[in-house]
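Asks:
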Amino acid sequence: MAAPLLELENLSITLPSGSGPRTVVHSVDLAVAPGQIYGIAGESGSGKTLTMLSLLGLLPRGGVASGSARFDGREIAGSRSALRGRDISMVFQDPMTALHPMLTVGRQMTEHARRHLKLSKREAQERAVAMLADVRIPDGEAALRAYPHEFSGGMRQRIAIAIALMCEPRVLIADEPTTALDVTVQAGILRLLDRLRREKGMSVVLITHDLGVMSSIAERMSVMYAGRVIETGDAGDVLKAPAHPYTRALLSALPHPGAGAQTELLSIPGVPASPLDPPPGCAFHPRCPLAIEECRMVVPPLLTDGDHAAACLVTMGEKEVVA
Amino acid sequence: MSAQPAVLPPSRLARLRRRAGTSTGSAWRRPTMVIGLAIAGLWILIAIGAPLIEPHDPLAQDFAITEAPSSAHLFGTDELGRDILSRVLEGARHSLPLALLLVALSGTIGTVLGVVAGYVGGWVDGVIMRLADLVSAFPAIVLAMVVTASLGPSTRNAVLALVIVSWPIYARVVRSLVLSIGQAEYVQAFRLHGASAGRAMRKEVLPNVVGPIIVLVAIYLADGLLLLASLSFLGLGAQPPTPEWGSMVSVGTQYFQNWWMATFPGLAIFTAVLAFNFIGDGLRDVFDPQSSSARGEDA
Amino acid sequence: MSDAPALEVLDLEVVYERRGRDPVRAVAGVSLSVKRGQILGLVGESGCGKSTLARAVVGLEQRAAGHVRFEGEEVAPLTRRARPAQQTRLQMVFQNPYSSLNPRRRIGAQLREALAMAVGADGRRVSDARVTELLERVGMPANAAERYPHQFSGGQRQRIAIARALAADPSVIVLDEPLSSLDASAQAQIANLLVALSRELDLALVLISHDLAIVQHIVDEVAVMYLGKLVETVPSGELWGLPAHPYTEALIGSIPRADGERRLPVALEGEVPDPSAPPSGCRFHPRCPYAMDRCRVEEPPAFDVGRGRMAACWLQDGATEPRRPAEAAAALAQRV
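Protein chains in written order, with our numbering: chain G, 514 to 836; chain R, 55 to 353; chain P, 64 to 399.
(1) Can you look up G701/G in the DSSP assignment and give me helix, strand or coil?
(2) Looking at A365/P: is its Cβ nearer than 7 Å to the Cβ of M373/P?
(3) Should N331/R go down as buried or exposed, given a rule of 16 or more other Cβ atoms within 10 Å for buried?
(4) Might you give, ordered along the chain, the residues of its own chain that have their beta carbon closer than 7 Å to the beta carbon of R761/G, omitting 5 neighbours on each side?
(5) Which residues share a DSSP beta bridge with A822/G?
(6) Hey, how far is the Cα of A186/R from the Cα of L260/R?
(7) Tell me whether the beta-carbon of I672/G lies closer than 7 Å to the beta-carbon of V604/G.
(8) Compare the Cα-Cα distances from D688/G to each of E556/G, L518/G, V835/G, R628/G and report the closest residue.
(9) Is it a yes or a no for the stretch 191-205 of chain P touching the stretch 216-234 of chain P, going by three-plus beta-carbon pairs under 8 Å?
(10) Might you give, ordered along the chain, the residues of its own chain that have their beta carbon closer than 6 Å to the beta carbon of P388/P, omitting 5 neighbours on each side?
(11) Classify E390/P as buried or exposed, calling it buried when 16 or more other Cβ atoms lie within 10 Å of its own Cβ.
(12) Kindly provide the ranges of any alpha helix (DSSP H) runs that are 4 or more residues long and lie completely inside the stretch 529-596 of chain G, ordered along the chain.
(13) According to DSSP, simplified to helix, strand and coil, what is T78/R?
(14) Assign V201/P to one of three DSSP states: helix, strand, or coil.
(15) Does the distance from the CB of A225/R to the CB of A198/R come in under 7 Å?
(16) Relative to chain G, which residues along the stretch 317-346 of chain P have a C-beta separation below 8 Å, given in chain order?
(17) Along chain G, which residues have their Cβ under 8 Å away from the Cβ of I277/P?
(18) Tell me the DSSP secondary structure of M727/G in three-state form.
(19) Take L264/P as the anchor and find which of G110/P, C376/P, L256/P has the nearest alpha-carbon.
(20) Would you kindly work out how many angstroms separate the C-alpha atoms of R152/P and L275/P, rounded to a whole number?
(21) Sort A582/G, V726/G, H629/G by Cα distance to A693/G and report the nearest one.
(22) Identify whether Y660/G lies in helix, strand or coil by the three-state DSSP scheme.
(23) Only counting the same chain, and skipping five residues up and downstream in sequence, which positions put a Cβ closer than 7 Å to that of P782/G?
(24) From the DSSP secondary-structure annotation, give me the bridge partner or partners of S602/G.
(25) Taking the continuous beta strand (DSSP E) assigned at T296/P, which residues delimit it?
(26) D132/R: which of G265/R, A326/R, A118/R sits nearest, CA to CA?
(27) To the nearest angstrom, how far is it from the Cα of T296/P to the Cα of A69/P?
(28) May I ask you to list, following chain order, the residues of the stretch 517-532 of chain G that have a beta carbon less than 7 Å from some beta carbon of chain P?
(29) Applying the criterion that 16 or more other CB atoms from any shown protein chain within 10 Å of the CB defines a buried residue, is N211/R buried or exposed?
(30) Would you say the stretch 263-270 of chain R touches the stretch 201-221 of chain P, given that touching needs at least three Cβ pairs under 8 Å?
(31) Secondary structure at A286/P, three-state DSSP: helix, strand or coil?
(32) Residues in the stretch 753-765 of chain G with C-beta within 7 Å of chain P's C-beta atoms, listed in sequence order?
(33) Going along the stretch 700-725 of chain G in order, which residues come within less than 8 Å of chain P, judged by CB to CB distance?
(34) For the stretch 140-167 of chain P, list every residue whose C-beta sits within 9 Å of some C-beta in chain R, in sequence order.
(35) Which chain A residues are close to S114/P, counting only those with a beta carbon under 8 Å from its beta carbon?
(36) At least one CB of chain G closer than 7 Å to the CB of S96/P: is that the case?
Here you go:
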């Protein structure tokens, strides 16, 4: 594999709370190659968003990141980096609130590009029209003069992606970019992300709870639970042969197409563990059908026999610890 | 069918409560509200017990005129030889109950009109709102001045004038609450169970209107105090020899070199108004925990 | 399960006036029916009018045209007066569990009131036992009655909202996107609850959703809605294998599968048109991969394609069995 473009090593994040700083993200390791789509899966509260926010210096007030985060070899952990918006860009979940309602689309698109890239107003506008064409928004000139409320949710998300692309970022972080969108619109956005990745060689970090979305475009993925990475590997491998009981449970809880009328949906018993107050040992053990005595006593490390790793003593018991 | 127990871990509970409901705990942790309650409490005690604690008869013109504050007269004496401390304390018995009366009357009238406007709608709503607009078009003090000047300056007319001027704010807020809560899904669900619109109003809408009204009342109590004092300052409210703070300040401005004559009544107005403002802020946080000042504590 | 439908909707239309702009026919003529013990899923994307339809069916919106019949009686929109007692057995569960319960009243009080209104008795005479029974029926513990809504999670609140609907002893419940605000495990649990309740209590359910994958698990029949009209109705078992309408086909194709094969979902061309200015002829034609000349000019009727299915598409003209759109289009092309 080529040298990773974005690498997280032992990244931990603490947040202030009523009873002092609490670790909410524990020792995350991640490596995203150039031009790769990397997926981070997990339910809400798993720490997936916080992990990425720390790269952009967007942690909540009082949040502290430790460990190492390297972009193109350079250390960027915890800093309010100048990379934000330029080399690393982010798109968020809700397209309805992602854009400033009182500014024209053109103004929002050109504003930070002019600052970061020192472009003139005209140059920035030309670039903006080109970006809008890239995301398949028709009639870019008119779109620049329009306001966000004149566009549908799907189009606003495309505009948000176009804004994120203005400075030709090498990594685009997309946090649940399609969750608020209809399924046909979602399909369009996913195809867009894939095409952009191919055309521009851009890496995409896709954060989502939807394993179907993950399966469609991610090449590699990590699954997070209660602030830790509990499974990682090639996306196809993880989804076809999940090693961690949580991943298996998530997959079997998905509705099965063609299941027919009134078939019971499986769900994982209990509630997702909170990273602020996780169970002892393996955070998933209270809900795990395979849990044994040891699961309560020790936090399992990531174990692997090659590329695919999972933090489970039961399913990966014989394997090596990931270095 | 797997059932979920209703008990959530405390941290999650606290987060949910902050997000969606009232947060009774946080009001008491706000220092300004505590200060406000303390000062207001003090003034209320003074208002009740003034005859017992004032050192002299507030109306007695027995002393040397315009004497500076001394151990005999802590706040000095005024131009007619009355003890200012006693007058300031007595003033509380005058101003506070009037402000409360003002708020009670305007609040009640405004709320009733607001409910009618919101519930009945149509032309009734239109008429009430236009009346409200008409009244609000004038600066409160100007309109109050006009009313008291035409009716004759007196305490009673000052209160009347201020009631006329103050009801629109309650009416507007209540009407808008009635309309928006009326659209709330839980009210619609209530209607679907067979409640008439009137019953839904009584049982679901009005109880949810009470909270914001309480906040308004607390805040406008401060406003009312200030307006009453202003009218008296202009000679349109309480008439001499009534020891009303506003008129005391007014007289004091004619005796600028005797700074104590205006300053102490002025401080009384200042502290009382501030206290009620703090209380109003605190109450607003109790009833509307999503407001940014309440959220300031959480990361 | 009796044979007469518990709920019948005939050619329902709902129109919104807008200031200074054209009125919007949010629902442009929808007909459907549900029997007791049956679950109907109404599926469509944003702007198709499904929520408006749900509200109009229970009487929360005014109708511009058409009829709604509940147990044989005409359902009129709500006025200031109380709803007729018989119609309180047509109930609704709303989408947002955070706004559908009164935040200032305890759960027990709200359920008690709902129970009291159903039997027409004074609220105080409703026993604690009945409130507990309701709560347990939806999988909540009895002590939930003492708490306020904000003390519960989204999934739990939705259970409470269902309990409130059940308090009226309904025969039909319309549920407007009951699962959309919930996380995945809560969705599964509530979905299973609804199926169980329908069976136990012989309830007719109309489940509105944009999530075809989940809905298809729960319901007996799926009705697909686009831009104010129904384009297809199909038993859920047949939906995945043989959609008859091109829009349904596109919907199914755009659902991503978690199978580990990196396969991009099929995207549908274009955007949903403005409902105040729908396309001429078939509303779906600008985005339809099989659109023919006729589609641009004439709106297709609801064809009965056999096996209890309906599809509003010219490709199904004359069909006695549902035709796969791609095959039907190819066959037509060859004939020309």
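All C-beta atoms in this analysis are idealised placements derived from N, C-alpha and C, irrespective of residue type, glycine included.
Replies: Result, derived from the coordinates:
(1) Counting from 1 along the first sequence, the entry for residue 701/G is found at position 188. Looking at G701/G - three-state DSSP - the assignment turns out to be helix.
(2) Counting from one through the third sequence, the residue named residue 365/P turns up at place 302. Counting from one through the third sequence, the residue named residue 373/P turns up at place 310. In this structure, the beta-carbon distance from A365/P to M373/P falls below 7 Å.
(3) Taking the second sequence and counting its residues from 1, the one referred to as residue 331/R is at position 277. N331/R comes out buried.
(4) In the first sequence, the residue the question calls residue 761/G occupies position 248. In its chain, beyond the 5 residues on either side, P755 have a beta carbon closer than 7 Å to the beta carbon of R761/G.
(5) By one-based count along the first sequence, residue 822/G stands at place 309. Answer is T745/G, T817/G.
(6) On the second sequence, position 132 is the one that residue 186/R refers to. On the second sequence, position 206 is the one that residue 260/R refers to. Here the C-alpha atom of A186/R lies approximately 21 Å from the C-alpha atom of L260/R.
(7) Locating residue 672/G in the first sequence gives position 159, counting from the first residue. Locating residue 604/G in the first sequence gives position 91, counting from the first residue. No, the Cβ-Cβ distance between I672/G and V604/G is not below 7 Å.
(8) Along the first sequence, read from residue 1 onward, the residue named residue 688/G stands at position 175. Measuring from the Cα of D688/G, the nearest candidate turns out to be E556/G.
(9) Put simply, the stretch 191-205 of chain P touches the stretch 216-234 of chain P. At least three CB pairs are less than 8 Å apart.
(10) By 1-based counting over the third sequence, the position of residue 388/P is 325. These residues qualify, in order along the chain: P309, E312, Y353, L378.
(11) Here the question's residue 390/P lines up with position 327 in the third sequence. So E390/P ends up on the exposed side.
(12) The qualifying runs are 561-568.
(13) Locating residue 78/R in the second sequence gives position 24, where the first residue counts as 1. Only weak support exists for where T78/R lies, its pLDDT of 48 falling under 50; the value from the coordinates is given anyway. In the structure shown, T78/R falls within a helical segment according to DSSP collapsed to helix, strand and coil.
(14) Position 138 of the third sequence, counted from the start, is the residue given in the question as residue 201/P. If DSSP states are grouped into helix, strand and coil, V201/P belongs with coil.
(15) Position 171 of the second sequence, counting from 1, holds the residue named residue 225/R. Position 144 of the second sequence, counting from 1, holds the residue named residue 198/R. In this structure, A198/R does not lie closer than 7 Å to A225/R by Cβ.
(16) Contact residues of the stretch 317-346 of chain P toward chain G are S317, I318, P319, R320, A321, D322, G323, E324, R325, R326, L327, P328, V329, A330, L331, E334, V335 (C-beta to C-beta distance below 8 Å).
(17) Looking up residue 277/P in the third sequence gives position 214. In chain order: P768, L778.
(18) Locating residue 727/G in the first sequence gives position 214, counting from the first residue. Of the three classes helix, strand and coil, the one that applies to M727/G here is helix, per DSSP.
(19) By 1-based counting over the third sequence, the position of residue 264/P is 201. Here the closest residue by C-alpha is L256/P.
(20) Counted from its first residue, the third sequence places residue 152/P at position 89. Counted from its first residue, the third sequence places residue 275/P at position 212. Distance between the alpha carbons of R152/P and L275/P is about 27 Å.
(21) Here residue 693/G refers to the residue found at position 180 when the first sequence is read from its first residue. It is V726/G.
(22) For this step, residue 660/G is matched to residue 147 along the first sequence. Coil.
(23) Here residue 782/G corresponds to residue number 269 of the first sequence, with the count starting at 1. If you ignore the 5 residues before and after P782/G, its C-beta comes within less than 7 Å of the C-beta of R800, all in its own chain and listed in chain order.
(24) The residue you call residue 602/G lines up with position 89 of the first sequence. Answer by DSSP bridge pairing, in chain order: L685/G.
(25) Locating residue 296/P in the third sequence gives position 233, where the first residue counts as 1. Its beta strand (DSSP E) spans residues 292-298.
(26) Taking the first residue of the second sequence as 1, we reach residue 132/R at position 78. Among G265/R, A326/R, A118/R, the Cα nearest to that of D132/R is on A118/R.
(27) Position 233 of the third sequence, counted from the start, is the residue given in the question as residue 296/P. Position 6 of the third sequence, counted from the start, is the residue given in the question as residue 69/P. One C-alpha to the other measures close to 18 Å.
(28) Under the 7 Å Cβ criterion, the stretch 517-532 of chain G contributes no residue.
(29) What you label residue 211/R is simply residue 157 of the second sequence in a count that begins at 1. Of the other Cβ atoms in all chains shown, 16 or more fall within 10 Å of the Cβ of N211/R; this residue is therefore buried.
(30) Contact annotation: the stretch 263-270 of chain R does not touch the stretch 201-221 of chain P, with fewer than three C-beta pairs closer than 8 Å.
(31) Locating residue 286/P in the third sequence gives position 223, where the first residue counts as 1. Secondary structure at A286/P: strand, using DSSP grouped into helix, strand and coil.
(32) For the stretch 753-765 of chain G, which is checked against every Cβ of chain P, the residues closer than 7 Å are K753, L764.
(33) For the stretch 700-725 of chain G, the beta-carbon criterion of a distance under 8 Å to any beta-carbon of chain P is satisfied by A700, G701, L703, R704, D707, H722, D723, L724, G725.
(34) For the stretch 140-167 of chain P, the set of positions with a beta-carbon nearer than 9 Å to some beta-carbon of chain R reads L141, T142, R143, R144, A145, R146, P147, A148, Q150, T151, L153, Q154, M155, V156, F157, Q158, N159, Y161, S162, S163, L164, N165, P166, R167 in chain order.
(35) The question asks about chain A, but that chain is absent: this structure's protein chains are G, R and P.
(36) By 1-based counting over the third sequence, the position of residue 96/P is 33. With respect to chain G, the C-beta atom of S96/P has no partner C-beta closer than 7 Å.
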